[in-house]
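Residues 723 to 812 in my numbering are what the sequence shown lists, from first letter to last.
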Amino acid sequence: MYRESIEKPKEFFAKMALENLDWFEKFSSVHNESFSGTKWFEGGKINVAHNCIDRHLKTNSEKIALIWEGDDPNKSQEISYKNCMKKFAG
């Protein structure tokens with residue numbers, strides 16, 4: 723996997739993005755670099771909340787989505803996908 727990411731980065735990142743994320747509109751290019759900056763997945767439309775929470779609700783709603791740990795490492799909180807939806811849905 724590492725070798726593929728180094729030898730063929732555009733193909734590797736396109737494959738990872740398509741296999742691991744839900745796209746509402748597929749990107750037209752993986753990576754464009756210019757003097758003014760770098761752009762990733764141009765033309766693509768994605769919903770971060772959907773990819774992080776929503777798509778996991780049907781099959782993994784009770785699984786842990788987040789582990790929150792504050793300043794006191796003895797006090798942590800595990801939050802399921804279902805509870806993320808309840809707490810963070812707008």
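Cβ atoms here follow ideal geometry from the backbone N, Cα and C, with glycine treated the same way.
Same chain only: Cβ atoms within 6 angstroms of residue i, ignoring 5 sequence neighbours per side
i       : result
Phe-734 : Glu-726 and Ser-727
Phe-746 : Lys-767
Gly-783 : Sequence inspection shows Ser at residue 783; the Gly mentioned does not correspond to that position. Answer for Ser-783: Tyr-803 and Lys-804, listed in chain order.
Residue from the options whose Cα sits closest to the Cα of residue i
i       : options                               : result
Phe-749 : Glu-755, Ala-739 and Ser-758          : Ala-739
Ile-775 : Asp-744, Met-723, Tyr-724 and Asn-796 : Asp-744
Cys-806 : Leu-779, Gly-759, Asn-769 and Met-723 : Leu-779
Beta-bridge pairing of residue i - partner residues as DSSP gives them
i       : result
His-753 : Trp-762
Sequence-distant residues of the same chain with beta carbon closer than 7 angstroms to residue i, five excluded per side
i       : result
Ala-736 : Val-752
Same chain, Cβ closer than 8 angstroms to residue i, neighbours up to 5 away in sequence not counted
i       : result
Arg-777 : Asp-744
(request) Would you be able to state if there are at least three C-beta pairs under 8 angstroms between the region 782 to 793 and the region 757 to 773? (result) no
(request) Kindly provide the ranges of any beta strand (DSSP E) runs that are 3 or more residues long and lie completely inside the region 769 to 810, ordered along the chain. (result) 786 to 791 and 798 to 802
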